[in-house]
Amino acid sequence: MRPLLADLSPMPFDATSPYWLTAAVLVLTSLALAAVWVARRGRLRDESTRPPSE
Numbered sequence: 000m001r002p003l004l005a006d007l008s009p010m011p012f013d014a015t016s017p018y019w020l021t022a023a024v025l026v027l028t029s030l031a032l033a034a035v036w037v038a039r040r041g042r043l044r045d046e047s048t049r050p051p052s053e
């Protein structure tokens with residue numbers, strides 16, 4: 000009995016395939032950029048609500 004995903008995917012899953020590696024790099028890069036953006040946005044919001052210190 001063949002797995003269901005083998006019928007749906009255009010190619011068998013191979014972790015060393017350049018297509019899967021490219022997809023993984025793109026996903027990880029976008030997640031890292033999103034994390035940096037959220038952290039920077041939160042830091043800017045904290046600085047804008049903080050009263051100026053003299």
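So for the sequence shown, numbering that gives the first Met the number 0 puts the first residue at 0; every next one is plus one.
C-beta: ideal position from N, C-alpha, C; glycine also.
All values derive from a computational prediction rather than experimental measurement.
In whole angstroms, what separates the C-alpha of Val-37 from that of Tyr-18? Position 38 of the sequence shown, counted from the start, is the residue given in the question as residue 37. Position 19 of the sequence shown, counted from the start, is the residue given in the question as residue 18. If I take the Cα positions, the gap works out to 29 Å.
Excluding the 5 residues preceding and the 5 following Arg-39 in the sequence, name in chain order all residues of the same chain whose CB lies nearer than 8 Å to its CB. The count along the sequence shown starts at 1 and reaches residue 39 at position 40. Same-chain partners within the cutoff: there are none.
In whole angstroms, give me the CA-to-CA distance for Val-35 and Leu-25. Working through the sequence shown from its first residue, we reach residue 35 at position 36. Working through the sequence shown from its first residue, we reach residue 25 at position 26. If I take the Cα positions, the gap works out to 15 Å.
What's the C-alpha gap between Ala-33 and Ala-23? Against the sequence shown, residue 33 aligns to sequence position 34. Against the sequence shown, residue 23 aligns to sequence position 24. Taking the straight line joining both Cα atoms gives about 15 Å.
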